[in-house]
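Undergrad: Mapping of the sequence shown onto full-length UniProt numbering: position 283 corresponds to residue 283, and the numbering continues sequentially without gaps. Quick reminder that beta carbons are idealized off the backbone N, C-alpha and C, glycines included. All figures in this text were calculated on a predicted structure; none of them were measured in a lab.
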Amino acid sequence: MEKEQQDRKKFNENLQAMRETYSEQVVDTLSSMDHNVLDLDLTAELLRYISLQKPEGAILVFLPGWDQISKLHDKLTSQTLFSEERFIIIPLHSMMPTINQRQVFEHPLPGVRKIIIATNIAETSITIDDVVYVVNLGRVKETNFDVANNIRTMKAEWVSKASAHQRRGRAGRVQDGECFHVYSQLKASEMVEYQLPEIKRTPLEELCLNIKTLKLGSVHPFISKAMETPDIRAIELAISSLKQMRAFDDNEDLTALGYHLSRLPVEPRIGKMMLFGAMFCCLDPILTIAASLSWKDPFYIPLGKEKLADERRRVLSNNTRSDHLMLANAMSGWEDAKEHRGEGSYCWQNFMSSNILGMLSKMKGQFCDVLHRLRFVSDRSPKHIDANRNSENEQLLKAVLCAGLYPKVAHVDKVPFNRKTGQNRPPRLSTPEDGRVQIHPKSVNANETTFSSKWLLYHLKLKSTSVFLHDTTMVEPYPLIFCGGKISWDDDQGHETVFVDDHIKFHCSQETAHLVIKLREELDRVMEQKITNPGPTNWSPASHEGRVMRAIIDILVMQSRDTYDNDDDQGFVHSGRGNNRHGGNDDDDDDCYDDGAGGAGGGRQYGRSGNRYNNDDRPGSSHWRPDSHRRRIQGNQHQGFWTQK
Numbered sequence: 001m002e003k004e005q006q007d008r009k010k011f012n013e014n015l016q017a018m019r020e021t022y023s024e025q026v027v028d029t030l031s032s033m034d035h036n037v038l039d040l041d042l043t044a045e046l047l048r049y050i051s052l053q054k055p056e057g058a059i060l061v062f063l064p065g066w067d068q069i070s071k072l073h074d075k076l077t078s079q080t081l082f083s084e085e086r087f088i089i090i091p092l093h094s095m096m097p098t099i100n101q102r103q104v105f106e107h108p109l110p111g112v113r114k115i116i117i118a119t120n121i122a123e124t125s126i127t128i129d130d131v132v133y134v135v136n137l138g139r140v141k142e143t144n145f146d147v148a149n150n151i152r153t154m155k156a157e158w159v160s161k162a163s164a165h166q167r168r169g170r171a172g173r174v175q176d177g178e179c180f181h182v183y184s185q186l187k188a189s190e191m192v193e194y195q196l197p198e199i200k201r202t203p204l205e206e207l208c209l210n211i212k213t214l215k216l217g218s219v220h221p222f223i224s225k226a227m228e229t230p231d232i233r234a235i236e237l238a239i240s241s242l243k244q245m246r247a248f249d250d251n252e253d254l255t256a257l258g259y260h261l262s263r264l265p266v267e268p269r270i271g272k273m274m275l276f277g278a279m280f281c282c283l284d285p286i287l288t289i290a291a292s293l294s295w296k297d298p299f300y301i302p303l304g305k306e307k308l309a310d311e312r313r314r315v316l317s318n319n320t321r322s323d324h325l326m327l328a329n330a331m332s333g334w335e336d337a338k339e340h341r342g343e344g345s346y347c348w349q350n351f352m353s354s355n356i357l358g359m360l361s362k363m364k365g366q367f368c369d370v371l372h373r374l375r376f377v378s379d380r381s382p383k384h385i386d387a388n389r390n391s392e393n394e395q396l397l398k399a400v401l402c403a404g405l406y407p408k409v410a411h412v413d414k415v416p417f418n419r420k421t422g423q424n425r426p427p428r429l430s431t432p433e434d435g436r437v438q439i440h441p442k443s444v445n446a447n448e449t450t451f452s453s454k455w456l457l458y459h460l461k462l463k464s465t466s467v468f469l470h471d472t473t474m475v476e477p478y479p480l481i482f483c484g485g486k487i488s489w490d491d492d493q494g495h496e497t498v499f500v501d502d503h504i505k506f507h508c509s510q511e512t513a514h515l516v517i518k519l520r521e522e523l524d525r526v527m528e529q530k531i532t533n534p535g536p537t538n539w540s541p542a543s544h545e546g547r548v549m550r551a552i553i554d555i556l557v558m559q560s561r562d563t564y565d566n567d568d569d570q571g572f573v574h575s576g577r578g579n580n581r582h583g584g585n586d587d588d589d590d591d592c593y594d595d596g597a598g599g600a601g602g603g604r605q606y607g608r609s610g611n612r613y614n615n616d617d618r619p620g621s622s623h624w625r626p627d628s629h630r631r632r633i634q635g636n637q638h639q640g641f642w643t644q645k
């Protein structure tokens with residue numbers, strides 16, 4: 001908002017200065033123009049003009065993103081002038097199939113003109129030697145960091161003067177060329193000289209971690225020496241985040257966990273997820289997810305087949321309600337197909353890039369090698385049997401995801417029901433810091449209308465036209481309790497409210513609350529010991545760490561099998577421990593609400609309450625054993641074990 005106000009002020013000042021040179025009519029016209037609108041109709045007319053009036057030569061059009069590329073492509077292909085006999089129109093985007101992009105470098109037959117519609121990928125990454133004409137709309141999709149709201153943003157920004165110069169240079173690399181700028185000279189004069197430095201437009205967790213690892217002193221003084229100093233709030237947010245994940249202690253010193261995270265070539269949260277995957281022996285799928293989140297997913301979007309590609313991803317998710325587990329399934333399927341020489345067919349059917357899958361596989365090997373050197377695994381292979389004894393356990397994988405991604409959690413507030421169609425609509429979500437958020441259309445959960453749990457993990461949250469969660473995983477309460485933030489409880493007439501970081505709450509019996517809290521304490525102690533003294537997990541019956549971790553796994557699995565209720569009183573607590581939570585007013589007259597977010601088969605209960613037990617058998621007592629949870633969480637089916645209130 002502050003940047004927009006500054007830009008507007010500068011624009012008005014320049015506009016006034018132009019009155020000395022240009023007529024009032026010209027200045028008034030410039031003043032009334034909406035310079036932020038991308039005029040694709042004008043762009044299509046310009047391409048028509050070049051095609052009819054200019055000599056032969058390829059045309060390179062710079063647009064900010066996929067939506068604009070797709071729309072311009074449709075505009076051109078719908079006109080008889082741009083027929084396939086006379087034109088080759090090639091969209092160029094990182095999500096396009098590699099086989100299509102190879103056409104970019106091929107010279108067309110005589111009498112055929114090539115038009116490439118590209119993002120800034122064609123600005124510096126590649127050189128197309130037969131381009132004679134460049135059409136520059138002056139925009140680029142850029143990711144920034146909104147410090148005030150602690151969120152990444154992505155929107156079409158004006159390019160810098162340096163980028164505009166670079167784009168102009170794409171014309172006529174081997175012969176004379178022309179560049180057409182589809183924006184005013186006034187706007188060109190207002191462009192910044194260079195793009196904002198990365199240190200000022202990205203979160204700083206990795207930088208802060210490296211500063212402490214290299215023993216360069218306190219974070220604030222060191223960063224203040226940078227040529228381009230980031231906002232102090234960005235530094236404070238990074239430090240707070242590292243403290244929350246226990247990479248920094250209260251004095252901003254590096255912990256044992258922070259030391260290990262600094263050795264992993266990924267952002268800290270993904271690194272923590274990898275460590276938990278190694279310790280819980282579900283390594284291979286977690287490394288797949290880590291590699292994809294760190295770089296890119298293997299899917300491409302073929303022009304005109306977007307819905308079909310979305311459907312294939314949903315099929316690969318296998319009803320897990322998880323983009324992350326979908327990635328693991330996709331990689332596993334590719335590996336199986338490769339063994340049976342069906343790699344090409346598999347990738348074609350699922351709109352995947354074999355090259356990217358190969359790179360992700362290599363990244364997994366590199367990650368595992370680092371974990372081996374840190375002594376968390378006994379072998380350098382991600383597929384070693386000892387490191388994957390629990391890799392088929394879906395609920396454990398979600399808990400490990402929670403260990404890394406928390407506190408990136410959204411709440412399913414309501415499931416809107418349309419009376420006119422008789423069908424549910426996609427659910428309404430919120431986060432404590434953003435209020436209303438949406439699942440990105442690319443997610444496998446984008447069009448889901450039923451969720452058996454009211455909680456979704458996410459990794460990437462971007463603000464564009466709305467706040468979108470780009471990758472989501474539905475998660476049950478137990479992963480949040482065992483692998484989330486700090487837990488506490490309040491007693492209310494024989495029942496307990498269990499809080500995770502004071503803003504996520506669950507209701508249960510006193511016995512259940514005491515059991516899971518003690519189990520969480522045991523798990524924290526085991527994890528702390530394993531982080532301090534790394535080594536492969538000992539799963540033998542005589543091992544304390546093995547018993548504790550098996551107890552956690554058993555509870556996770558049992559919760560997923562049992563039925564549970566989704567009462568509407570569970571959610572985020574805004575402040576203190578009241579009952580307030582985020583949720584918007586319903587402004588649609590044709591909506592009503594289905595209070596249950598459960599599956600089509602009816603409501604489910606989060607497990608069941610256990611039999612009574614005496615104090616000597618409780619966790620923490622001399623007679624308590626971690627595997628004794630089994631007889632407590634089975635039994636009376638008339639008492640709700642977890643009630644989402």
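Would you mind sorting Asn-538 into buried or exposed? The rule is 16 or more other CB atoms within 10 Å of its CB.
TA: Indexing the sequence shown from 1 puts residue 538 at position 538. Counting Cβ neighbours within 10 Å, Asn-538 comes out exposed, since fewer than 16 surround it.
Undergrad: Would you mind stating whether Val-475 and Leu-456 have Cβ atoms separated by less than 9 Å?
TA: For this step, residue 475 is matched to residue 475 along the sequence shown. For this step, residue 456 is matched to residue 456 along the sequence shown. Yes. Within cutoff.
Undergrad: What first and last residue would you give for the beta strand (DSSP E) that runs through Val-359?
TA: For the purposes of this step, residue 359 is taken as residue 359 along the sequence shown, with counting starting at 1. Before going further, note that residue 359 is Met rather than Val in the sequence given. No beta strand (DSSP E) contains Met-359, which is instead part of the alpha helix (DSSP H) from 354–373.
Undergrad: Starting from Glu-438 and walking both ways along the alpha helix (DSSP H), at which residues does that stretch end?
TA: By 1-based counting over the sequence shown, the position of residue 438 is 438. With the sequence shown as reference, residue 438 is identified as Gln, and Glu is not the correct amino acid for it. Here Gln-438 belongs to no alpha helix (DSSP H); instead the beta strand (DSSP E) covers 435–439.
Undergrad: Can you tell me which residues form a DSSP beta bridge with Met-474?
TA: The sequence position of residue 474 within the sequence shown is 474, counting from 1. DSSP, once it has assigned bridges, lists Leu-456 as partnering Met-474.
Undergrad: Tell me the residue span of the beta strand (DSSP E) that contains Cys-508.
TA: Position 508 of the sequence shown, counting from 1, holds the residue named residue 508. Start and end: 504–509.
Undergrad: Can you say whether Glu-106 is buried or exposed, counting buried as having 16 or more other CB atoms within 10 angstroms of its CB?
TA: Looking up residue 106 in the sequence shown gives position 106. So Glu-106 counts as exposed.
Undergrad: Figure out for me which residue from Pro-230, Ser-224 and Lys-305 has the closest Cα to the Cα of Leu-204.
TA: Indexing the sequence shown from 1 puts residue 204 at position 204. Of the candidates Pro-230, Ser-224 and Lys-305, the one whose C-alpha sits nearest the C-alpha of Leu-204 is Pro-230.
Undergrad: Touching or not, the segment 41–49 and the segment 119–126, by the rule of three or more beta carbon pairs under 8 Å?
TA: Counting Cβ pairs under 8 Å, fewer than three are found: no touch.
Undergrad: Measure the alpha-carbon distance for Gln-395 versus Asp-39 and round it to whole angstroms.
TA: Looking up residue 395 in the sequence shown gives position 395. Looking up residue 39 in the sequence shown gives position 39. Taking the straight line joining both Cα atoms gives about 49 Å.
Undergrad: Mark Cys-592 as exposed unless 16 or more other C-beta atoms lie within 10 angstroms of its C-beta, in which case mark it buried.
TA: Translated into the one-based positions of the sequence shown, residue 592 becomes position 592. Because the pLDDT of Cys-592 is 34, which lies under 50, any placement of that residue in the model is unreliable, and the question is left without a value.
Undergrad: Put Thr-143 into one of helix, strand or coil per three-state DSSP.
TA: Mapped onto the sequence shown, residue 143 falls at position 143. Three-state DSSP puts Thr-143 in a strand.
Undergrad: Just to confirm the assignment: which complete alpha helix (DSSP H) runs, minimum length 4, are found wholly within the segment 9–61?
TA: With a minimum length of 4 residues, the continuous alpha helix (DSSP H) runs that stay inside the segment 9–61 are 24–32 and 40–53.
Undergrad: Under three-state DSSP, which class holds Asn-390?
TA: By one-based count along the sequence shown, residue 390 stands at place 390. Coil at Asn-390, not helix or strand.
Undergrad: Below 9 Å between beta carbons: does that hold for residue 703 and Ala-256?
TA: A query on residue 703 cannot be resolved here, the shown segment of the chain reaching from 1 to 645 and no further.
Undergrad: From the DSSP output, read off the bridge partner residues of Lys-463.
TA: If you number the sequence shown from 1, residue 463 lands on position 463. Answer is Thr-153 and Val-467, bridged to Lys-463.
Undergrad: Roughly how many angstroms lie between the CA atoms of Glu-142 and Asp-34, to the nearest whole one?
TA: Here residue 142 corresponds to residue number 142 of the sequence shown, with the count starting at 1. Here residue 34 corresponds to residue number 34 of the sequence shown, with the count starting at 1. Each residue's alpha carbon lies about 20 Å from the other.
Undergrad: Could you check what DSSP says for Phe-222 in three-state terms: helix, strand or coil?
TA: Within the sequence shown, the letter at position 222 stands for residue 222. Three-state result, Phe-222: helix.
Undergrad: Does Arg-19 pass the burial test, meaning 16 or more other C-beta atoms within 10 Å, or should it be called exposed?
TA: Taking the first residue of the sequence shown as position 1, residue 19 is located at position 19. Exposed, because fewer than 16 other Cβ atoms sit within 10 Å of the Cβ of Arg-19.
Undergrad: Would you kindly work out how many angstroms separate the C-alpha atoms of Val-370 and Gly-57, rounded to a whole number?
TA: Working through the sequence shown from its first residue, we reach residue 370 at position 370. Working through the sequence shown from its first residue, we reach residue 57 at position 57. Spanning the two alpha carbons is a distance of roughly 50 Å.
Undergrad: Does Thr-465 pass the burial test, meaning 16 or more other C-beta atoms within 10 Å, or should it be called exposed?
TA: As a working note, residue 465 is residue 465 in the sequence shown. Exposed, because fewer than 16 other Cβ atoms sit within 10 Å of the Cβ of Thr-465.
Undergrad: List the DSSP bridge partners of Cys-347.
TA: As a first step, residue 347 must be located in the sequence shown, where it is residue number 347. Cys-347 pairs with nothing; no bridge assigned.
Undergrad: Looking at Arg-520 and Ile-487, is the spacing between their C-beta atoms short of 9 Å?
TA: Numbered from 1 along the sequence shown, position 487 holds the residue referred to as residue 487. Numbered from 1 along the sequence shown, position 520 holds the residue referred to as residue 520. Yes; because the gap between Cβ atoms is below 9 Å, this pair is in contact.
Undergrad: With Thr-119 as the anchor, note down where its beta strand (DSSP E) starts and where it stops.
TA: Counted from its first residue, the sequence shown places residue 119 at position 119. Element bounds for Thr-119: n/a, residue is neither H nor E.
Undergrad: For Pro-298 and Asp-176, I'd like the C-alpha separation in whole angstroms.
TA: Position 298 of the sequence shown, counted from the first residue, corresponds to residue 298. Position 176 of the sequence shown, counted from the first residue, corresponds to residue 176. The alpha-carbon atoms of Pro-298 and Asp-176 are separated by roughly 38 Å.
Undergrad: At the level of alpha carbons, what is the spacing between Pro-477 and Gly-358?
TA: Numbered from 1 along the sequence shown, position 477 holds the residue referred to as residue 477. Numbered from 1 along the sequence shown, position 358 holds the residue referred to as residue 358. Roughly 35 Å between the two C-alpha positions.
Undergrad: Whose C-beta lies closer than 6 Å to the C-beta of Ser-628 among residues of the same chain, with five residues either side of it excluded?
TA: Start at 1 with the first residue of the sequence shown, and residue 628 comes out as number 628. Interpretation of Ser-628 is limited by its pLDDT of 43, a score under 50 that renders its predicted location unreliable; the figure taken from the coordinates is listed afterwards. Answer for Ser-628: no residue qualifies.
Undergrad: Is it true that the CB of Val-467 sits closer than 9 Å to the CB of Arg-436?
TA: Residue 436 sits at position 436 when you count from the first residue of the sequence shown. Residue 467 sits at position 467 when you count from the first residue of the sequence shown. Yes; because the gap between Cβ atoms is below 9 Å, this pair is in contact.
Undergrad: How far does the alpha helix (DSSP H) with Pro-298 in it extend, from its first residue to its last?
TA: Working through the sequence shown from its first residue, we reach residue 298 at position 298. Premise fails: Pro-298 is in no alpha helix (DSSP H) and is neither H nor E.
Undergrad: Provide the residue span of the alpha helix (DSSP H) that contains Tyr-406, from first to last.
TA: As a working note, residue 406 is residue 406 in the sequence shown. Element bounds for Tyr-406: n/a, residue is neither H nor E.
Undergrad: So, do the segment 212–222 and the segment 249–269 have three or more beta carbon pairs nearer to each other than 8 Å?
TA: With the cut-off at 8 Å, the segment 212–222 and the segment 249–269 touch.
Undergrad: Starting from Cys-179 and walking both ways along the beta strand (DSSP E), at which residues does that stretch end?
TA: On the sequence shown, position 179 is the one that residue 179 refers to. Cys-179 -> beta strand (DSSP E) spans 178–181.
Undergrad: For Pro-441 and His-470, what's the separation of their Cα atoms in angstroms?
TA: Position 441 of the sequence shown, counted from the start, is the residue given in the question as residue 441. Position 470 of the sequence shown, counted from the start, is the residue given in the question as residue 470. Each residue's alpha carbon lies about 8 Å from the other.
Undergrad: From this set, Asp-434, Lys-420 and His-411, which residue's C-alpha is nearest Arg-428's C-alpha?
TA: As a working note, residue 428 is residue 428 in the sequence shown. Measuring from the Cα of Arg-428, the nearest candidate turns out to be His-411.
Undergrad: Going by DSSP, name the residue or residues bridged to Lys-414.
TA: In the sequence shown, the residue the question calls residue 414 occupies position 414. Looking at the DSSP assignment, Lys-414 forms a beta bridge with Arg-428.
Undergrad: Helix, strand or coil for Asp-129? Go by DSSP, reduced to three states.
TA: Locating residue 129 in the sequence shown gives position 129, counting from the first residue. Correct three-state label for Asp-129: coil.
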